[in-house]
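Here the working numbering is used: position 54 in the sequence shown is 34, and no number is missing along the way.
From the three backbone atoms N, C-alpha and C, an ideal C-beta is built for every residue, glycine too.
Data first, discussion second: the structure below is written as structure tokens.
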Amino acid sequence: MALTLYAVLPVLRNAIAGLAGVDPAVIEAADAVGMTPAQRLVQVEAPLAAPVVMAGIRTAAVWTIGAATLSTSVGQTSLAITSFQGCRPRTGSSCCSAAWSPRSSRSPLINCWV
């Protein structure tokens, strides 16, 4: 729940910025051909704002993965529980680096994929 709320800010912020960045001439042209406000939003404004909204989704994905990984260090069960279990003093640092390698590569992979 907390990570979902944490991810809302960049998506919402970029959605508002994308819709505000639509050229007024395009909106005027959509009105001139007789589109209703709902049609204008769905057929004109949303497709033009989509790249900015996707940038917000990419940011939210990377932020959420980072927060989920770090949440184990403050006592919350999360994706990184196996990494922290492998990093106990009795196991040594080689096990710790082997456990963190997949986690450290997750954010850049998600960033490229989205």
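Determine, using beta carbons only, whether Ala40 and Val2 come nearer to each other than 9 Å. no
Distance check for Ala(-5) and Val32, CA to CA, integer angstroms please. 7 Å
From Glu8, Ala35, Ala48, pick the residue whose C-alpha is nearest to that of Ala(-3); which is it? Ala35
Which term fits Ala29, buried or exposed, when burial requires 16 or more other beta carbons within 10 angstroms of its beta carbon? buried
Measuring straight from C-alpha to C-alpha, what distance separates Val13 and Gln23? 12 Å
Span separating the alpha-carbon of Glu8 from that of Leu(-8): 25 Å
Keeping to the same chain, check which residues put their C-beta closer than 7 Å to that of Trp43; ignore five residues upstream and five downstream. Tyr(-14), Ala(-13), Pro(-10)
So the alpha helix (DSSP H) Leu(-8) belongs to, where does it begin and stop? -18 to 0
Beta carbon of Glu25, beta carbon of Leu(-1): below 9 Å? yes
Using the Cα positions of Ala5 and Thr16, report the straight-line distance between them to the nearest angstrom. 16 Å
Start and end residues, alpha helix (DSSP H) containing Val6: 4 to 12
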